[in-house]
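Undergrad: Sharing a structure, written as structure tokens. Questions coming.
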Amino acid sequence: MKYMGTASLAELIRNLARDYDIYAPGRQGDAFVLRRLDLERADGVDVPWNPFRLRESLKPLWFQTSRILSRWTADGPEPGPSIRPRAIFGAKACDLQALTIIDKVFREHTHPEPAWCEARERNLIIAGDCTESGESCFCTMVGHAPHPEAEFDLNLSPVDGGYLVEVGSPKGEALVEEHPALFQEASAEHEAARDENRRTMRASVEAQNAPYATRDPFEQSIEKHRKSRLWEQLAATCVQCNACNMVCPTCHCFLLVDVDAEDGPVRVSCWDSCFEGGYARMAGGGTPRLQLVERFRNHYFHKFVSFPRNWGITACSGCGRCVDACMGRIDKRDCLHRLETEWLPSDTLEGVS
Amino acid sequence: MSNGFVPVPAVIDEIIVETPTIKTFVLKPAEPIPFRAGQFVQLEVPGLGEAPFTPSSSPFETDTMEITILKTGLVTNRLHELEAGERLGIRGPFGKGYPIPKLDGQTVLVIGGGVGLAPLRSLLYHLFGEPDCCDRVTIKYGARNPAEMCFKRQHEGWSARQGVDFTPTIDRPAEGWDGHVGLVTTLLDDLDLDRSKTYAVSCGPEVMLRFVTWKLLDVGFPPDRIYLSMNRNMSCGMGICGRCNVGPYYLCKDGPDMCYADIQDIPYALG
């Protein structure tokens with residue numbers, strides 16, 4: 001374990017800026033948001049510590065809202081352009097768990113998604129422990145902790161006016177070796193302070209989610225409601241704005257769109273939303289999941305039933321951004337709780353497809 | 001790293017008019033695209049879009065690929081306006097295709113509707129190309145009217161093959177038609193086939209698949225002997241973009257030919 005002071009962190013950011021575009025937390029009113037750091041224009045490195053996950057998900061840093069996957073040239077189709085490597089600060093455990101989730105589909109797959117894989121290999125992640133719990137945070141409900149356990153290059157735990165630094169990858173190891181002046185050996189007290197904060201944080205997230213506590217696996221409680229009218233109640237205030245999909249760090253649906261650009265036809269991959277009425281519409285007119293309630297239910301089935309069956313993990317990292325973003329005040333924790341504790345006749349709502 | 005999003009360029013070699021609404025495009029890809037019967041490809045009109053099609057040609061033929069297309073949407077409408085010599089893109093093949101190894105020594109009941117005979121023709125080429133791979137082939141094919149029958153020039157040849165019987169039907173009586181009249185399901189009432197030694201493989205519009213499935217169950221076919229070429233909107237073709245799911249399955253990756261036993265508990269899987 002290493003220790004680094006806050007001035008050393010600023011120095012590290014300045015050094016990394018030579019090889020990477022820097023993305024780091026910034027303040028916007030009361031919120032911490034993601035911003036691109038322009039060190040040439042800024043007076044100094046001002047990277048505030050975000051106590052819990054940023055307002056928006058970090059997903060676009062690997063999975064851009066739209067990106068060119070292929071381009072037709074005179075010689076035929078070619079792959080799309082490469083991305084610039086990015087060094088990312090402010091990532092929390094839920095953001096990293098989301099990478100593990102999307103990796104299953106985009107990376108550990110017979111057909112990898114090349115843009116995602118490239119970004120995953122090129123990007124550098126300097127993560128951090130949570131030091132406060134956001135109101136909607138519920139990582140412990142989906143089996144995770146408010147401190148990173150994997151997928152980071154370096155992880156920072158605030159202790160003693162600086163940071164305890166954990167190395168999580170060969171890239172992180174190299175970073176420490178390249179900057180010997182910035183890192184010192186950490187002490188047993190530093191580690192003890194980190195562990196104490198982690199215990200406190202876990203207890204805090206658990207305490208705030210006690211009202212939503214569930215006993216059964218989500219898969220089980222959702223499966224038993226396959227045809228229940230409860231879905232109509234849960235979806236009653238959904239206005240299909242797609243905000244939950246957009247802010248979600250694990251949602252990864254996309255649509256390929258072909259565009260006849262000036263310098264040749266290109267294929268663009270764009271974010272998509274399973275709440276969209278035309279999401280699954282076919283040529284000739286058929287549309288599976290025509291009703292909003294069917295799409296709402298499919299969203300839960302996908303995250304908590306199908307994805308675990310296909311990939312062995314739940315497709316939710318418990319970041320709570322969907323709770324904050326929902327204008328219909330639909331709270332996923334509340335929905336999961338009600339799915340376990342409430343019961344309505346099961347033969348009234350037609351099935352899931 | 002393999003990049004499944006970049007198409008292989010292909011030139012339209014020939015266009016065969018099958019019916020007033022269906023054309024077969026004979027394509028010459030820049031490099032061979034080997035596929036198994038029932039697997040599909042994404043065919044791209046550059047700058048406009050792609051659509052998924054299962055080739056209708058023989059899987060043993062790799063220099064050219066035939067795709068039989070009904071004019072029914074944005075991409076297919078444009079395809080029908082194209083002429084030989086134009087350049088398209090092909091990605092794939094994707095999906096699992098038909099359960100060929102299971103058909104070994106079995107009777108295959110092929111049930112097609114309209115342009116749904118296209119992927120099944122690829123299966124027929126496979127079955128006819130490997131004479132020992134199945135015991136007997138029974139083909140039931142329904143079209144709206146005689147003019148909308150696909151691959152008419154081949155029907156006689158299929159009927160004449162040993163171990164093959166081919167019965168076409170049209171929905172309503174038509175002048176000059178002396179064959180069977182009625183929906184394709186009406187050809188399934190008196191099947192002289194051993195249910196424990198027969199696989200039924202069907203492709204057609206969703207509503208047809210639904211009624212064919214119910215009929216097959218009615219006449220004693222077990223769910224694990226019914227295979228359906230299912231329809232959903234597919235974009236990536238590789239099981240990663242999300243939209244073609246039926247319950248936990250992605251049709252593009254796990255299908256598009258699904259065993260009914262796997263989807264029977266997913267209500268509305270057949271619309």
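Read top to bottom, the protein sequences are chains C and S.
So the first sequence is numbered by our numbering: it starts at 1 and just counts up by one.
So the second sequence is numbered by our numbering: it starts at 1 and just counts up by one.
We put the CB at the ideal spot given by N, CA and C, even for glycine.
Of all the residues that make up the region 270-282 of chain C, which are near chain S by a beta-carbon distance shorter than 8 Å?
TA: 272, 274, 279, 280, 281 and 282
Undergrad: Can you name the residues of chain S whose CB is closer than 7 Å to the CB of residue 354(C)?
TA: With chain C covering only 1 through 353, there is no way to say anything about residue 354(C).
Undergrad: What separation, rounded to the nearest whole angstrom, lies between the Cα atoms of residue 54(S) and residue 219(C)?
TA: Working through the second sequence from its first residue, we reach residue 54(S) at position 54. Working through the first sequence from its first residue, we reach residue 219(C) at position 219. If you take the alpha carbons of residue 54(S) and residue 219(C), they lie about 35 Å apart.
Undergrad: From what residue to what residue does the alpha helix (DSSP H) around residue 325(C) run?
TA: Residue 325(C) sits at position 325 when you count from the first residue of the first sequence. Here the alpha helix (DSSP H) through residue 325(C) covers 321-325.
Undergrad: For the beta strand (DSSP E) containing residue 334(C), name the first residue and the last one.
TA: On the first sequence, residue 334(C) is found 334 positions in, with the first residue counted as 1. From DSSP, residue 334(C) is part of no beta strand (DSSP E) but of the alpha helix (DSSP H) over 332-341.
Undergrad: Can you pull the chain B neighbours of residue 242(C), defined as C-beta to C-beta under 8 Å?
TA: Note that chain B does not occur in the displayed structure, where the protein chains are C and S.
Undergrad: So which residues on chain S does residue 109(C) lean against when the C-beta distance must stay under 8 Å?
TA: Here the question's residue 109(C) lines up with position 109 in the first sequence. Residues of chain S passing the Cβ test: 238, 239 and 240.
Undergrad: Could you tell me which of 164(S), 206(S), 160(S) and 124(S) sits nearest to residue 138(S), measuring between CA atoms?
TA: Here residue 138(S) corresponds to residue number 138 of the second sequence, with the count starting at 1. Residue 138(S) has its Cα closest to that of 164(S), out of 164(S), 206(S), 160(S) and 124(S).
Undergrad: What residues of chain C sit near residue 235(S), judged by a beta carbon separation below 7 Å?
TA: Here residue 235(S) is taken as the residue at index 235 of the second sequence, counted from 1. Ordered by position in chain C, the residues that pass the 7 Å Cβ test against residue 235(S) are 255 and 256.
Undergrad: Give me the residue from 173(S), 18(S) and 43(S) with the minimum Cα distance to residue 74(S).
TA: Taking the second sequence and counting its residues from 1, the one referred to as residue 74(S) is at position 74. Nearest C-alpha to residue 74(S): 43(S).
Undergrad: Comparing the C-beta of residue 353(C) with each C-beta of chain S, is any distance below 8 Å?
TA: Counting from one through the first sequence, the residue named residue 353(C) turns up at place 353. Note on residue 353(C): pLDDT 47, under 50, position unreliable in the model; the coordinate value appears next. Cβ-Cβ to chain S under 8 Å: yes for residue 353(C).
Undergrad: Can you tell me where the alpha helix (DSSP H) with residue 117(C) in it begins and where it stops?
TA: Along the first sequence, read from residue 1 onward, the residue named residue 117(C) stands at position 117. 114-122 is the extent of the alpha helix (DSSP H) around residue 117(C).
Undergrad: By the 10 Å Cβ neighbour count, where 16 or more other Cβ atoms means buried, how is residue 200(C) classified, buried or exposed?
TA: Numbered from 1 along the first sequence, position 200 holds the residue referred to as residue 200(C). Counting Cβ neighbours within 10 Å, residue 200(C) comes out exposed, since fewer than 16 surround it.
Undergrad: Do you know whose CA, among 238(S), 11(S) and 204(S), lies nearest residue 63(S)'s CA?
TA: By 1-based counting over the second sequence, the position of residue 63(S) is 63. It is 11(S) whose Cα lies nearest to the Cα of residue 63(S).
Undergrad: Would you please verify whether the beta carbon of residue 60(S) is less than 8 Å from any beta carbon of chain C?
TA: Here residue 60(S) refers to the residue found at position 60 of the second sequence. Judged by the 8 Å Cβ criterion, residue 60(S) is not in contact with chain C.
Undergrad: Touching or not, the region 7-21 of chain S and the region 83-102 of chain C, by the rule of three or more beta carbon pairs under 8 Å?
TA: no
Undergrad: Based on the DSSP output, what are the partners of residue 83(C) in its beta bridges?
TA: The sequence position of residue 83(C) within the first sequence is 83, counting from 1. Partner(s): none; residue 83(C) has no beta bridge.
Undergrad: If you measure from the beta carbon of residue 223(S) to each beta carbon in chain C, is any gap under 8 Å?
TA: Here residue 223(S) refers to the residue found at position 223 when the second sequence is read from its first residue. For residue 223(S), the answer is no, since every Cβ of chain C falls outside 8 Å of its Cβ.
Undergrad: Residue 316(C) and residue 237(C) - do their beta-carbons sit closer together than 8 Å?
TA: Sequence index remark: in the first sequence, residue 237(C) carries index 237 (1-based). Sequence index remark: in the first sequence, residue 316(C) carries index 316 (1-based). Going by C-beta atoms, residue 237(C) is not nearer than 8 Å to residue 316(C).
Undergrad: Please go through the region 46-81 of chain C and give each complete beta strand (DSSP E) segment of 3 or more residues, from N-terminal end onward.
TA: 66-73 and 76-79
Undergrad: Suppose contacts are defined by Cβ-Cβ distances below 8 Å. Is residue 169(S) in contact with residue 155(S) by that definition?
TA: Position 169 of the second sequence holds residue 169(S). Position 155 of the second sequence holds residue 155(S). At a Cβ-Cβ threshold of 8 Å, residue 169(S) and residue 155(S) do not count as neighbours.
Undergrad: In chain S, what lies closer than 7 Å to residue 106(C) by C-beta?
TA: For the purposes of this step, residue 106(C) is identified with residue 106 of the first sequence, where counting begins at 1. Correct list: 240.
Undergrad: Kindly indicate which three-state DSSP category residue 250(C) falls into: helix, strand or coil?
TA: Taking the first residue of the first sequence as 1, we reach residue 250(C) at position 250. Residue 250(C) falls in the coil class under three-state DSSP.
Undergrad: Look at residue 119(C) and residue 62(C) and say whether their C-beta atoms are less than 8 Å apart.
TA: To locate residue 119(C), count along the first sequence from 1; it is residue 119. To locate residue 62(C), count along the first sequence from 1; it is residue 62. Result yes, Cβ atoms of residue 119(C) and residue 62(C) sit closer than 8 Å.
Undergrad: For residue 343(C) and chain S, any beta-carbon pair shorter than 8 Å?
TA: Position 343 of the first sequence, counted from the start, is the residue given in the question as residue 343(C). Cβ-Cβ to chain S under 8 Å: no for residue 343(C).
Undergrad: Looking only at its own chain, which residues have a Cβ that is under 7 Å from the Cβ of residue 71(S), when we skip the five neighbours before and after it?
TA: As a working mapping, residue 71(S) is identified with position 71 in the second sequence. These residues qualify, in order along the chain: 21, 77 and 80.
Undergrad: Which class does residue 8(S) belong to by DSSP, given the choice of helix, strand or coil?
TA: As a position in the second sequence, residue 8(S) is number 8, starting the count at 1. Looking at residue 8(S) - three-state DSSP - the assignment turns out to be strand.
Undergrad: Nearest CA to the CA of residue 240(S): which residue from 228(C), 263(C) and 272(C)?
TA: Counted from its first residue, the second sequence places residue 240(S) at position 240. Ranking the options by Cα distance to residue 240(S), first place goes to 272(C).
Undergrad: Give the range of the alpha helix (DSSP H) segment to which residue 231(C) is assigned.
TA: Here residue 231(C) is taken as the residue at index 231 of the first sequence, counted from 1. Looking at the DSSP string, the run of the alpha helix (DSSP H) that includes residue 231(C) is 230-234.
Undergrad: Counting only Cβ pairs nearer than 7 Å, list the residues of chain C close to residue 53(S).
TA: Taking the first residue of the second sequence as 1, we reach residue 53(S) at position 53. Chain C residues near residue 53(S): none, gap ~10 Å exceeds 7 Å.
Undergrad: Using a Cβ-Cβ cut-off of 8 Å, state whether residue 5(S) counts as contacting chain C.
TA: Translated into positions along the second sequence, residue 5(S) becomes position 5. Cβ-Cβ to chain C under 8 Å: yes for residue 5(S).
Undergrad: Residue ranges of each alpha helix (DSSP H) run of no fewer than 4 residues wholly in the region 258-302 of chain C, ordered along the chain?
TA: Entirely contained in the region 258-302 of chain C, the alpha helix (DSSP H) runs reaching 4 residues are, in chain order, 292-301.
Undergrad: In this structure, how does DSSP classify residue 98(S) when only helix, strand and coil are distinguished?
TA: Walking along the second sequence from the start, residue 98(S) turns up at place 98. Reduced to three states, the DSSP call for residue 98(S) is coil.
Undergrad: My assumption, with CB atoms under 8 Å, is that residue 90(S) sits in contact with residue 8(S). Please give the rounded CB distance.
TA: Taking the first residue of the second sequence as position 1, residue 90(S) is located at position 90. Taking the first residue of the second sequence as position 1, residue 8(S) is located at position 8. Confirmed, about 5 Å.
Undergrad: How would you list, in chain order, the residues of chain S whose beta-carbon sits under 8 Å from the beta-carbon of residue 310(C)?
TA: On the first sequence, position 310 is the one that residue 310(C) refers to. Those within 8 Å of residue 310(C) in chain S are 248.
Undergrad: Once you ignore the five residues that flank residue 39(C) on each side, which residues in its own chain have a CB closer than 8 Å to its CB?
TA: As a first step, residue 39(C) is located in the first sequence; it is residue number 39 there, counting from the start. Closer than 8 Å at the Cβ level, and outside the excluded window around residue 39(C), lie 13, 14, 17, 22 and 45.
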